[in-house]
Amino acid sequence: MFCKNRRTVLAAVIAATAYCTIPSALAAEPIKIGLVTALSGQSALSGEAITRGLSVAIDEINAKGGLLGGRKIELVRRDDEGNPTKGVTAARELIYKEKVAVIFGGLDTPVSIAIVRMANQEKVPFMGPWAAGTPITKNGTTPNFAFRVSAVDEIVDRGMLNYAQKTFKATKPGMILVNNSWGESNEKGLTAALSAQNMQAVGVEKFEATDVDVVPQLTRLKMAGADVLFMVGNVGPSAQVVKSLDRMGWKVPIVSHWGPAGGRFTELAGPSAKNVTFVQTYSFFGKQSAVGERVIKALKAKYPEIKSAEDITPAVGVANAYDAMQLAALAIANAGSTEGDAVRQGFYKIDRYEGLIKTYVKPFSTEVHDALTENDYVWAYFSDNHILPVGMASR
Amino acid sequence: MLVLSALISGLGLGSMYGLMALGFHVTYAVSGTVNFAQGSSMMLGAVLTFAFAQTLGWPIGLAIMLALLLCAAYGLLVEALAVRPFVKRGSDAWLMATVAMGIVLDNVVMFTFGKEPRSLHSPLAQTPLEIGGLGLGVYPLQIIIPVVGLCLAAGVHYLSRRTRWGTAMLAVVQNRDASRLMGIPVRRIVAGAFALSAVFAGVAGALIAPLVNVHSEMGTVFGLKAFAVAILGGIGSAWGVIVAGLLFGLMEAVIAATLGSGYTQIISFSVVIVALAVRPNGLFGRAQVRKV
């Protein structure tokens, strides 16, 4: 009798403990957000910028009590070294082992394209805070789990042409593009933008990221009569293009995608770096909105090496990642769970969010997976090591 | 002008490959082993030159000398840790061990030097050369690089034929045991060959640093191409690897100038395969005679 009673009491205690503990354990279980980006190698600075933008946003969300009834957000980072194979391996680990709710990508379009394929198969939302390749979001898959808060090549390309025409009266543009899927994506975009205005490029030249000398390709463009160059490449290769132009003594205007913003462009390219105009989505210089002031303050507090706006670099990585994380958090809140398809639907239900780059009003729909438009871009240039919006100071 | 510029640029790149391939030759000739961390040694030469000259502001001559001394020390370390222990046991694991030493160095440099590419400023790579008012599209440094490459190859030739150290080296190549019996310090000769090999790669790194972006991964592709050049030239021939380096650099430059750089790897490595099919011991190598 005693034994029976003791067993009953024990079972009741265990049941009561489990009842009390399980919900609180669930509530305490963090929501993991994955980040697969370059944390080493030539593009490592971009990975650090994305990390900073995400971290500041996550700190804000957690300070307000987290999501889904008090669950904190936790960032899990993996290095893709700019390599698509390593990116997919890292994404697989984050999806299967870490069970991330949303997976963020990095700077490299080829890596993001490879991860998006897997994200669509595994029904895990992908958020691109940087890579601008058009096929990342326009990937032809239904349902599409890829979203982005960043520039989009085909829109940037139209912007590059408009800027070159307005500023430099360009009529015979030439293209100098890195030989990978990012370069290919922009070749298509620029060709389409030119065709829309009954124009065509006088030449399209490719270069490898490891090329020491780009003089041969540039000489062909010069001989073809190019009056402006459209450049697409990351910071290192873009610097090699500028150095090669210097060696040739050819002073031609360069309108670039945002590759130069990814590092010490002025040091790498030399004094002619200031002649390159490139696209950005945000600048921490000049008068800031209330959100801008708040983010700068948080960045300074969290990263003591940040003393002023010029230390927040590359700005696009920080700004895009901050807004992308806030939008992803709203999507999870709308979904009421971390289940992949529910979060995907949650993105469509975002009504309004007052962000850093802009105020987003219904930023996503089944047709639109890119939150930024042509009107959100800023043209910028390097003044010493600072990225300034065009027109802010004389060159 | 395009062709002339491509040729000068190709000669410069080719002598980089040749210098690094000369490092492969030196260790192979003396010990029958090669240092697959050559690419990393080249990177070390560039990174250290940058650190001493630009970060610390030391005179460039002193910076290069110190960088080369440290490259030599790295070569000695590779031999002591990644080659000697395995050769002693008759194992070929030094192949992987030298690759591993290179990867370790790349990562150590990444953590200490930083992740961002940097640029070494040099007055020899700022104003392009002109002839009769026409821009040649090349910096003075690009002319100096092949000259230094050829001078070093001549130096190795002189060293191996006209000095006691060189004679001892050749004796080690001929017969290790007999050399040891004659009082030649075989172990030191082999270690010296690895140090010299790393110095050659370091010279290549210090010379090319003002023309490229300096970062921890810059030696990977160079190391791979230099090994292809060493095999193409005939790894047992000092002049062979230098000439093959120059040919390889010129071939790359001409392909880039005529077809675009997207085709350089496809065509240049295909040519290497064809050349080796026709001459399996390389363009200037000789088949080894095995006495039974």
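Chains as they are written, first to last, in the working numbering: chain L, 6 to 400; chain Z, 724 to 1015.
Glycine is no exception: its CB is placed at the ideal position from the N, C-alpha and C atoms.
Do you know offhand how far A49 of chain L's Cα is from G925 of chain Z's? So the two alpha carbons sit approximately 25 Å from each other.
Proximity winner among L:A229, L:N203, L:A201 and L:Q202, relative to V209 of chain L (alpha-carbon distances): Closest option to V209 of chain L, Cα to Cα, is L:A229.
Under 8 Å by beta carbon: chain L residues contacting N862 of chain Z: Checking the sequence, you will find Tyr at residue 862 of chain Z rather than Asn. Neighbours of Y862 of chain Z on chain L, chain order: R252.
Report the CB separation of V749 of chain Z from V879 of chain Z in whole angstroms; it is logged as a contact under 8 Å. Your pair V749 of chain Z and V879 of chain Z checks out as a contact, with CB atoms roughly 7 Å apart and the cut at 8 Å.
On the three-state DSSP scale, how would you describe D394 of chain L? For the record, residue 394 of chain L in the displayed sequence is Pro; it is not Asp. DSSP places P394 of chain L in strand when its eight states are reduced to three.
Just the chain L side, please: which residues come within less than 8 Å of L919 of chain Z by C-beta, in chain order? What L919 of chain Z touches in chain L: nothing, since even the nearest Cβ is about 25 Å away.
Report yes or no: is there a C-beta of chain L within less than 8 Å of the C-beta of G983 of chain Z? Yes - at least one Cβ of chain L is within 8 Å of the one on G983 of chain Z.
Alpha carbons only, please: which of L:V107, L:A137 and L:N280 is nearest the one belonging to F173 of chain L? Considering only alpha carbons, the answer is L:N280.
Taking 8 Å as the threshold, find out whether the stretch 893-902 of chain Z comes into contact with the stretch 832-850 of chain Z through three or more Cβ pairs. Judged by Cβ distances under 8 Å, the stretch 893-902 of chain Z makes no contact with the stretch 832-850 of chain Z, as fewer than three pairs qualify.
Starting from the C-beta of F7 of chain L, find all residues in its chain whose C-beta is less than 7 Å away, skip the five residues before and the five after it, and write them out in chain order. Summary for F7 of chain L: the model assigns pLDDT 46, below 50, so the residue's position carries little reliability; its value from the coordinates is reported in the next sentence. A distance below 7 Å between beta-carbons, with the five flanking residues on each side excluded, links F7 of chain L to no residue of its chain.
Can you find the residues in the same chain that come closer than 7 Å, C-beta to C-beta, to I787 of chain Z, ignoring five residues on each side of it along the sequence? Leaving aside the five residues that flank I787 of chain Z on each side, the residues in its chain whose CB is nearer than 7 Å to its CB run, in chain order, T772 and A929.
Return the residues of the stretch 828-843 of chain Z that lie within a Cβ-Cβ distance of less than 7 Å from chain L, sorted by chain order. Of all residues in the stretch 828-843 of chain Z, M833, K838, E839, P840, R841 and S842 have a Cβ within less than 7 Å of some Cβ in chain L.
Between L:Y382, L:T94 and L:Y327, which lies nearest to V116 of chain L when the distance is taken from Cα to Cα? Distance check between V116 of chain L and each of L:Y382, L:T94 and L:Y327 places L:T94 closest, using alpha-carbon atoms only.
Neighbourhood of G1008 of chain Z by C-beta distance below 8 Å, restricted to the same chain and skipping five residues each side: The answer, listed in chain order, is G956, G957, I958, G959, S960, G963 and R1002.
Leaving out the 5 sequence neighbours to the left and right, which residues in its chain are closer than 6 Å to R400 of chain L when beta-carbon positions are compared? Note that R400 of chain L scores 42 on pLDDT, short of 50, meaning its location in the model is unreliable; the coordinates nonetheless yield the value given after this. Beyond the five residues adjoining it in sequence on each side, R400 of chain L comes within less than 6 Å, by CB distance, of K279 in the same chain, given in chain order.
What are the start and end residues of the beta strand (DSSP E) that includes M905 of chain Z? Boundaries cannot be given for M905 of chain Z, as no beta strand (DSSP E) includes it and DSSP labels it neither H nor E.
Does the Cβ-Cβ distance between F775 of chain Z and A790 of chain Z come in under 8 Å? Closer than 8 Å, so yes.
G889 of chain Z versus I392 of chain L - alpha carbon distance: Between G889 of chain Z and I392 of chain L, the C-alpha separation is close to 56 Å.
Answer with buried or exposed for Q777 of chain Z, where buried requires no fewer than 16 other C-beta atoms within 10 angstroms of its C-beta. Answer is buried; the Cβ neighbour count reaches 16.
Quick one: which chain L residues come within Cβ less than 9 Å of P846 of chain Z? Taking the beta carbon of P846 of chain Z as reference, no residue of chain L falls within 9 Å; the closest one sits roughly 13 Å away.
Distance check for L80 of chain L and N339 of chain L, CA to CA, integer angstroms please. So the two alpha carbons sit approximately 20 Å from each other.
In angstroms with no decimal places, state the Cα-to-Cα distance between A953 of chain Z and A1000 of chain Z. If I take the Cα positions, the gap works out to 15 Å.
Using a Cβ-Cβ distance cut-off of 8 Å, determine whether S45 of chain L contacts chain Z. Yes, contact with chain Z.
May I ask which residues mark the beginning and end of the beta strand (DSSP E) holding S261 of chain L? Annotation for S261 of chain L: the continuous beta strand (DSSP E) segment containing it runs I259 to S261.
In whole angstroms, what is the alpha-carbon distance linking G741 of chain Z and R887 of chain Z? The straight-line gap separating the alpha-carbon atoms of G741 of chain Z and R887 of chain Z is approximately 25 Å.
Specify, as a first and last residue, the run of the alpha helix (DSSP H) that Y881 of chain Z falls within. Taken as a continuous stretch (DSSP letters only), the alpha helix (DSSP H) holding Y881 of chain Z covers P863 to R885.
Beta-carbon proximity check, T987 of chain Z vs A998 of chain Z, cutoff 8 Å: A distance of 8 Å or more separates the beta carbons of T987 of chain Z and A998 of chain Z.
Contact set between the stretch 179-208 of chain L and chain Z, restricted to residues whose Cβ is under 7 Å from the partner: For the stretch 179-208 of chain L, the set of positions with a beta-carbon nearer than 7 Å to some beta-carbon of chain Z reads N184 in chain order.
Any beta-carbon of chain L closer than 8 Å to the one on R1009 of chain Z? Among the residues facing chain L, R1009 of chain Z is not included, as its CB has no counterpart in that chain under 8 Å away.
Mind pulling the chain Z residues with CB within less than 7 Å of T215 of chain L? Result: V944.
I'd like the ranges of any beta strand (DSSP E) spanning at least 3 consecutive residues and lying wholly in the stretch 164-216 of chain L. Here the runs fully enclosed are 178-183 and 208-212.
Please tell me whether L273 of chain L has its Cβ less than 8 Å away from any Cβ of chain Z. True, the Cβ-Cβ gap to chain Z drops below 8 Å.
Just curious, the beta strand (DSSP E) that W962 of chain Z is in, first and last residue? In the DSSP assignment, W962 of chain Z falls outside any beta strand (DSSP E) and lies within the alpha helix (DSSP H) extending over A961 to T981.
Of all the alpha helix (DSSP H) runs that stay within the bounds of the stretch 266-322 of chain L, which reach a length of 4 or more residues? List check, alpha helix (DSSP H) in window: 270-274 and 295-307.
With C-beta atoms as the reference, is G968 of chain Z less than 8 Å away from G762 of chain Z? Against a cut-off of 8 Å, the Cβ pair of G762 of chain Z and G968 of chain Z comes out as no contact.
What residues match up with R841 of chain Z in a beta bridge as DSSP calls it? According to DSSP, R841 of chain Z bridges with Z:V937.
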